[in-house]
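Participant: In our numbering, the protein residues as written are 646 to 1326.
The beta carbon of each residue, even a glycine, is placed where N, CA and C say it ideally should be.
Here it is, the structure in full.
So, in structure tokens, the structure goes:
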């Protein structure tokens, strides 16, 4: 899914379909979902009828202009929503095209049958191979690899062309429909039924078909409905007061008064703000299963982050050799290199590089007949048997257990002292032994990501507490936490420890966010208020989280927080602007309507508008035009700058509150000059 976040909002391929959709959204069955705009449409329809009947002394031209601008107010509101939805339709079309190509080779015992992907059911086993088609088979359904290992191109979903490895077992077994196998072959157990897959959810999300209003949005909608009802009652009582004062107010003017009183601006933009907020998240390659999660991201208090791959680059690098027992650093380096030549892990390769660059060890390959000892989770040791010598490399305790006699020597005491120093420095020690004799330790350093300390500083400015979660011992964890600048850490963390920490924070009234990719992360992801699962993770993790990061970048959780805050800020800023706007509009329309009945109201005409008719028409025109003028801000969002809540609120009140008060005074006056100059009122 290509990222198009910077694409212009107002291109022909977006505008033209949005105009058509805006008219289709005038259907009362759709319009009723926005009660304020529905009331505006009802008033516009009533004015249209009165224009035909003509039962008052207002000119046809004046009433016609009112009708036109009332309908434009409604259309601008539906256009804003249609434009927001339209930005996701191109993505949906691309995803649908991918889905339409999907067929499957379903396994029936040893037999293979070709079926459409829509015929697959949860539990089916499918065979997917490279080389049979345009670069390889498309994976036909979401599932888990149960046999084999393969490279998979996930560009159709993530927009990134670099292939990833998917294999049976572990945390990288989940695969997504629409991605392509480009090497080897795998067998996949389907985990979803038709219409329930990841691709289906993405299509529904980018089209807005499954967007549910968030709690804050619902609360704001109820407030707007309440204000509309109050103003309806207030306007409905005006004819009685006017009659008591010995006059009357034409229905057209009452209609104009109602539309300027009710909060049409924010009501017209509210849905577009929500759709655009979700759209920004999708364009950032994050799938949110609910708007509630996006809002919660903007309000979180505690952020839990795994150390490896999030705070550190993920691959530890050898930085130093520390010899013990009278062994030279060069001898230790040569033994460590021999034990690592067959080690294809990043740590193993870094030991080889360090031995060659720092100590000039030139050995390029293992001696003939050498026997490689592979690493296993049980022994936690790897190494090589070459030229009758056994060289071992591994965790300190494992090396000592494998060589019982070595643990009672002075070298063992020296080794433990050295490894404690390495741990306190934030590193991971690997012990090296030759024929049962301890040679020393390799200092594997976790490399903290560049700029991560500054990013945690930004989060601290937002009032968010950061907690690093790691399986390291407390000494190593404390050193890395200090270097990275996190507020706290949880060392030697088990899944139960993560869950307990989240519950403890939530019991204290905090909102908690975390990310994870493994099955053991699923309970914590489900418990957290914002759980971001990695797309490369297990099916259990993806189902437990309420967001999925398609790029599988754990640090993106920091950006998600910013996007959540931007959504809340945008809604709050435009609500503030709209309310302030309405207050200013009252100074234009109320004196114009009632000055004949109550001459004292003339002092409120601070804008010096040319006539009552011009004032009413100018207020209605401004009320309509302000909606499309605010659409770019609603869709792009208010720029978020990390700062404390108090200064942020003060800034927004100054910009959008004061701006909302001043804009109508300037805008309505300019429109009044144009209306008067053109003789429209």
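1) Please tell me whether, using a cut-off of 7 Å, the distance from the CB of residue 1294 to the nearest non-hydrogen atom of the ligand ADP is below it.
2) With a cut-off of 8 Å on the beta carbons, I'd call residue 1347 and residue 1320 a contact; round off their distance for me.
3) Kindly indicate the opening and closing residues of the alpha helix (DSSP H) around residue 1140.
4) If we count the other Cβ atoms within 10 Å of its Cβ and call it buried at 16 or more, is residue 688 buried or exposed?
5) Let me know the beta strand (DSSP E) ranges lying completely inside the stretch 1091-1136, each 3 residues or longer, listed in chain order.
6) Going along the chain, which unbroken runs of the alpha helix (DSSP H) with 4 or more residues stay wholly within the stretch 658-736?
7) Taking all protein chains shown into account, do 16 or more other C-beta atoms lie within 10 angstroms of the C-beta of residue 704, making it buried, or fewer, making it exposed?
8) What are the start and end residues of each continuous beta strand (DSSP E) run of 3 or more residues lying completely inside the stretch 918-954, in chain order?
9) Find out if the Cβ-Cβ distance for the pair residue 1252, residue 1232 is shorter than 8 Å.
10) Which first and last residues belong to the beta strand (DSSP E) in which residue 796 is found?
11) Are there 16 or more other CB atoms within 10 angstroms of the CB of residue 905, so buried, or fewer, so exposed?
12) Which of helix, strand or coil does DSSP assign to residue 835?
13) Does the pairing of the stretch 714-725 with the stretch 664-673 give three or more beta-carbon distances under 8 Å?
14) Please tell me whether residue 684 and residue 768 are closer than 8 Å, where the distance is taken between their beta carbons.
15) Going by the beta-carbon positions, is the gap between residue 1171 and residue 1159 smaller than 8 Å?
16) Restricting to runs no shorter than 3 residues, where is the beta strand (DSSP E) found entirely within the stretch 1032-1101?
17) Tell me the DSSP secondary structure of residue 854 in three-state form.
18) Kindly indicate which three-state DSSP category residue 772 falls into: helix, strand or coil?
19) In angstroms with no decimal places, state the Cα-to-Cα distance between residue 1313 and residue 862.
20) Leaving aside the five residues before and after residue 1307 along the sequence, list all residues of the same chain whose C-beta is less than 6 Å from its C-beta, in chain order.
21) Nearest to residue 1045 by alpha carbon, out of 840, 1032 and 1024?
22) Which partner residues does residue 750 have in the DSSP bridge list?
23) Would you kindly check if the distance between the Cβ of residue 709 and the Cβ of residue 897 is under 8 Å?
24) Label residue 1222 either buried or exposed according to how many other C-beta atoms from any shown protein chain fall within 10 Å of its C-beta, with 16 as the threshold for buried.
25) Give the C-beta separation of residue 901 and residue 1261 to the nearest angstrom, bearing in mind that I take them to be a contact with Cβ-Cβ under 8 Å.
26) Express the C-alpha separation of residue 963 and residue 1006 in angstroms, rounding to a whole number.
27) Return the first residue and the last residue of the alpha helix (DSSP H) that residue 1173 is part of.
28) Where does residue 1252 fall in DSSP's three states?
29) Given this structure, state the Cα-to-Cα distance separating residue 958 from residue 1075, to the nearest angstrom.
30) Taking residue 945 as the reference, give the member of 1142, 1150 and 1165 with the closest Cα.
31) In the structure shown, what three-state DSSP assignment does residue 782 receive?
32) So residue 1186 and residue 1164 are supposed to be a Cβ contact under 8 Å. How far apart are they, rounded?
33) Between the Cα of residue 1269 and those of 1235, 1304, 1283 and 1230, spot the shortest distance and give me the residue it belongs to.
34) One question on the structure: do residue 791 and residue 833 come within less than 8 Å of each other, judged by their Cβ atoms?
35) Should residue 1122 and residue 1136 be called a contact, given that it needs their Cβ atoms to be closer than 8 Å?
36) With a threshold of 16 other CB atoms inside 10 Å of the CB of residue 676, please say whether the residue is buried or exposed.
Facilitator: For this structure:
1) The ligand ADP is not part of the structure shown, which contains no ligands of any sort.
2) There is no way to answer for residue 1347, as the model of the chain reaches only from 646 to 1326.
3) The residue given as residue 1140 occupies position 495 in the chain shown. Start and end: 1140-1152.
4) Against the chain shown, residue 688 aligns to sequence position 43. With 16 or more other Cβ atoms within 10 Å, it is buried.
5) 1110-1114 and 1133-1135
6) Listed in chain order, they are 673-676 and 680-698.
7) Residue mapping note: residue 704 aligns to position 59 of the chain shown, counting from 1. Exposed is the call here.
8) 931-933 and 947-951
9) Along the chain shown, one-based indexing puts residue 1252 at 607. Along the chain shown, one-based indexing puts residue 1232 at 587. The answer is yes: Cβ separation under 8 Å.
10) Residue 796 sits at position 151 when you count from the first residue of the chain shown. Per DSSP, residue 796 belongs to the beta strand (DSSP E) from 788-798.
11) Numbered from 1 along the chain shown, position 260 holds the residue referred to as residue 905. With 16 or more other Cβ atoms within 10 Å, it is buried.
12) Counted from its first residue, the chain shown places residue 835 at position 190. In the structure shown, residue 835 sits in a strand (DSSP, three-state: E or B).
13) yes
14) Locating residue 684 in the chain shown gives position 39, counting from the first residue. Locating residue 768 in the chain shown gives position 123, counting from the first residue. The answer is no: Cβ separation not under 8 Å.
15) Mapped onto the chain shown, residue 1171 falls at position 526. Mapped onto the chain shown, residue 1159 falls at position 514. Going by beta carbons, residue 1171 and residue 1159 fall outside the 8 Å limit.
16) 1034-1039, 1072-1079 and 1082-1090
17) In the chain shown, residue 854 corresponds to position 209, counting from 1. Unreliable placement is indicated for residue 854, whose pLDDT of 46 sits below 50; no coordinate value is reported for it.
18) As a working mapping, residue 772 is identified with position 127 in the chain shown. Three-state DSSP puts residue 772 in a strand.
19) Within the chain shown, residue 1313 is the residue found at index 668, counting from 1. Within the chain shown, residue 862 is the residue found at index 217, counting from 1. For residue 1313 and residue 862, the distance between alpha carbons rounds to 30 Å.
20) On the chain shown, position 662 is the one that residue 1307 refers to. No residues qualify anywhere along the chain.
21) If you number the chain shown from 1, residue 1045 lands on position 400. Considering only alpha carbons, the answer is 1024.
22) On the chain shown, residue 750 is found 105 positions in, with the first residue counted as 1. Partner(s): 759 and 772.
23) Reading the chain shown from its first residue, position 252 is the one you call residue 897. Reading the chain shown from its first residue, position 64 is the one you call residue 709. Not in contact: residue 897 and residue 709 (Cβ atoms no closer than 8 Å).
24) Position 577 of the chain shown, counted from the first residue, corresponds to residue 1222. By the neighbour-count rule (16 or more Cβ atoms within 10 Å), residue 1222 is buried.
25) Looking up residue 901 in the chain shown gives position 256. Looking up residue 1261 in the chain shown gives position 616. That belief holds up - the Cβ atoms of residue 901 and residue 1261 are roughly 5 Å apart, short of 8 Å.
26) Here the question's residue 1006 lines up with position 361 in the chain shown. Here the question's residue 963 lines up with position 318 in the chain shown. Each residue's alpha carbon lies about 15 Å from the other.
27) If you number the chain shown from 1, residue 1173 lands on position 528. First-last for residue 1173: undefined, no H or E at that position.
28) Sequence index remark: in the chain shown, residue 1252 carries index 607 (1-based). The answer is coil: DSSP assigns residue 1252 none of H, G, I, E or B.
29) Walking along the chain shown from the start, residue 958 turns up at place 313. Walking along the chain shown from the start, residue 1075 turns up at place 430. Answer to the nearest angstrom: the Cα atoms are 19 Å apart.
30) Sequence index remark: in the chain shown, residue 945 carries index 300 (1-based). Per the Cα distances, 1150.
31) Here residue 782 refers to the residue found at position 137 when the chain shown is read from its first residue. Residue 782 falls in the coil class under three-state DSSP.
32) In the chain shown, the residue the question calls residue 1186 occupies position 541. In the chain shown, the residue the question calls residue 1164 occupies position 519. The Cβ separation is near 6 Å, so the contact holds.
33) Looking up residue 1269 in the chain shown gives position 624. It is 1230.
34) Taking the chain shown and counting its residues from 1, one reaches residue 791 at position 146. Taking the chain shown and counting its residues from 1, one reaches residue 833 at position 188. One thing to note: residue 791 has its Cβ within 8 Å of the Cβ of residue 833.
35) Working through the chain shown from its first residue, we reach residue 1122 at position 477. Working through the chain shown from its first residue, we reach residue 1136 at position 491. Against a cut-off of 8 Å, the Cβ pair of residue 1136 and residue 1122 comes out as a contact.
36) Along the chain shown, read from residue 1 onward, the residue named residue 676 stands at position 31. Flag for residue 676 reads buried.
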